[in-house]
Structure formats: C-alpha cells, structure tokens
Amino acid sequence: MNTIKNTPLALVTGASRGIGRAIAEALAGAGYDLVLTCSRTLPELSGLANSLEEKYGIHCTAQMADASDPVAMVQLFASLDHLDVLVNNAGISYIGLLTDMSIEEWQNVINTNLSSCFYTSRLAIPLMLQKHSGRIINISSMWGTVGASCEVAYSAAKSGLNGLTRALAKELAPSNIQVNAIACGVIDTVMNDLLDAEEKAALAEEIPAGRFGTPEEVALLAWQLANAPAYFTGQILGMDGGYI
Ligand code: NAD
1 MNTIKNTPLA LVTGASRGIG RAIAEALAGA GYDLVLTCSR TLPELSGLAN SLEEKYGIHC
61 TAQMADASDP VAMVQLFASL DHLDVLVNNA GISYIGLLTD MSIEEWQNVI NTNLSSCFYT
121 SRLAIPLMLQ KHSGRIINIS SMWGTVGASC EVAYSAAKSG LNGLTRALAK ELAPSNIQVN
181 AIACGVIDTV MNDLLDAEEK AALAEEIPAG RFGTPEEVAL LAWQLANAPA YFTGQILGMD
241 GGYI
C-alpha cells in the first residue's frame, strides 16, 4: 500500500455508496491514493476500488471497518504510515420520537456519527504531525445546526461533530492541520429513500434551490476543502440549497 510517500493519501469512511463514494471518486480524479471503508458491503466497495484504480491509475484499498468500533479503527490505521486527508463520512440516521428510542439505538447513532470521528482523528493526527500538514473533513448535517424533530440523536451527534470540528481546528492550527465540516442539507442518496416520490417532491419545494443536492456537489466541496488555503479552518460550511 502507498509506499511512495509523496503520493497523497486520503482515507474516506463509509465510501461504498452515496456521498462517501462520490468523494472517493473526486479525490481519485485528483490523483490521491485512497483507503476506503465500509461496515457491511465489502464486495461493492472492492468493486469501486478496482474501478477507481483502473480509471485514475491510483492505488486504492477497500476495507471492512466499522467506524463506530474503536478497535476496528486501530486495526485500520495499523497499516498506514502516512495520511494527508481524512474524510469522516460514515453516518446513519434514526427517525422517530426520542421516547421510542432505546439506549442501544441512541448509542449507535452517537457512536457512528460522532465518536467515530474521535476514533479516526486521534489516529490520523500523529500521521499528519509527521508531515506538519493534513486535512480533516467531517461530513455533518444542517440538523446539527438547527435541530430536527424526530431526529434528536442524529441532530445531537452532528451538533457535537460541529463542536469537535471547531475545537479540533484550534488545537491543530499551530500544526498546520486544517479541520472543517460540510453541513449537508437534503442530498439525493439512499439515506432519504424512506421518503416516497410524493414526499420527496414536497420536500424539494421547501428548499430554495428547488431540488435535492447531489453527492457529486458535496464531493466537489470536499475536494475544494482538501485544497483550500491553510488559513481556512474551523468552518462549518452549509451545503443545503439555501434551506436553513
Ligand atoms: P448513505 O446511507 O448512502 O451512505 C452512508 C455510508 O456510510 C454507507 O457507505 C454506509 O455503509 C456507511 N456506514 C454507515 N455506518 C457505518 C459504520 N458504522 N462504519 C463504516 N461505514 C458506515 O448516506 P449518505 O447520504 O451518503 O451519508 C453520508 C454522510 O452524509 C453521513 O454522515 C450522513 O449523516 C451525511 N448527511 C447526509 C445527508 C443526506 O441527505 N443524504 C444529509 C446530511 C448529512
């Protein structure tokens, strides 16, 4: 894996589909070698890794690694000796009343959307310190900014992720490591497939842009963050078509 240390290396969690997959493709197109992870669908992720290697001439590895499991993250990072960009993308939603949510469900949402970013960041930072440079890009949500009814745990996790982003950016700015987040609005992925066509159309009408965002639009912004000026850090960038 990526033994030539001047080839930039990016790690994207939850890259088998949706936004993570689009970010992987954008970074591959920019010449990054990649480490991609998923929690369940390794054949799908391996297929993506192979196609990115063929299309862009990069090195890309696919690994099953549950982002909510700190031990799995230690195992994942054990094979890395450098890292330039960490994209904390893996996430899950939970729709329902808070009173209907079990403690296990609460912990799963918090661990997958928030604690996972602690698990990866604490392992990525020493690799970035070696080079005195690095980028951490967290995929957050507009619900972390304004809160959503029936998505209390998810809103709390993404709000926590925004706090983590701002605080870690201050901690790492002296080391030339930038930490930013993208607060996605409604992006057209499987995550919104619980809505039927009529509900999707009604929701799109509420969004000033008149439509859902695309994973490719989020990926473009992630790529721009990977290349943004070093003075740009600690920011939560809304990517929501003007929704909030
Ligand atoms: P998605 O469900 O299509 O993809 C989520 C990805 O994360 C999948 O590849 C899945 O396998 C992976 N994943 C889930 N749990 C994991 C775990 N424990 N370990 C490793 N991988 C795991 O959803 P998406 O819309 O592409 O979501 C990507 C990110 O964007 C998430 O963090 C999500 O919260 C955020 N987001 C999405 C939207 C939206 O409208 N789609 C809005 C706001 C924020």
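Under our numbering, the first residue of the sequence shown is numbered 1, with each subsequent residue one higher.
Yeah, the Cβ is synthetic: ideal placement off N, Cα and C, and Gly gets one too.
Remark: C-beta atoms of Asn89 and Thr13 approach each other more closely than 8 Å. Below 8 Å, too few C-beta pairs join the region 96–107 and the region 53–63 to call them touching: fewer than three. Ranked by how close their Cα comes to the Cα of Glu171, the residues Trp106, Arg211 and Ile125 have Ile125 in first place. Of the candidates Leu11, Ala72 and Val85, Leu11 places its Cα closest to the Cα of Thr61. Secondary structure of Leu127 (DSSP, three-state): helix. For the pair Ile244 and Ile182, the CB atoms are not nearer than the 8 Å cut-off. Leu194 sits exposed, since fewer than 16 C-beta atoms from the chains shown fall within 10 Å of its C-beta. At the C-beta level, Ala157 and Val109 come within 8 Å of one another.
Note on Ser149: under 16 other CB atoms within 10 angstroms of its CB, so exposed under the neighbour-count rule. The Cβ-Cβ distance between Ala22 and Cys38 does not fall below 8 Å. Of the residues Val146, Ser133, Glu206 and Thr145, the one whose Cα lies closest to the Cα of Asn176 is Ser133.
According to DSSP, Ser141 shares a beta bridge with Cys184. Secondary structure of Gln75 (DSSP, three-state): helix.
Setting aside the 5 residues that flank it on each side, Gly96 is surrounded in the same chain by Cys150, each with a C-beta closer than 7 Å to its C-beta; the list follows chain order. Cβ-Cβ distances below 6 Å link Ala169 to Val179, Thr233 and Gly234 in the same chain, with the five nearest sequence neighbours on each side left out; the list follows chain order.
A direct Cα-to-Cα measurement between Ala72 and Ala65 gives close to 6 Å. Our two residues, Tyr32 and Lys131, have alpha carbons roughly 16 Å apart in a direct line.
Taking all protein chains shown into account, Arg211 has fewer than 16 neighbouring C-beta atoms within 10 Å of its C-beta and is therefore exposed. Residue range Val85 to Asn88 is occupied by the beta strand (DSSP E) that includes Asn88. According to the DSSP secondary-structure assignment, Ala62 is paired through a beta bridge with Leu36. Cβ atoms of Asn162 and Gly147 stay farther apart than 8 Å, at about 12 Å.
In summary, Asn111 is buried, with 16 or more beta-carbon neighbours lying within 10 Å of its beta-carbon over all protein chains present. Residue state for Leu168 is assigned as helix, using DSSP reduced to three classes.
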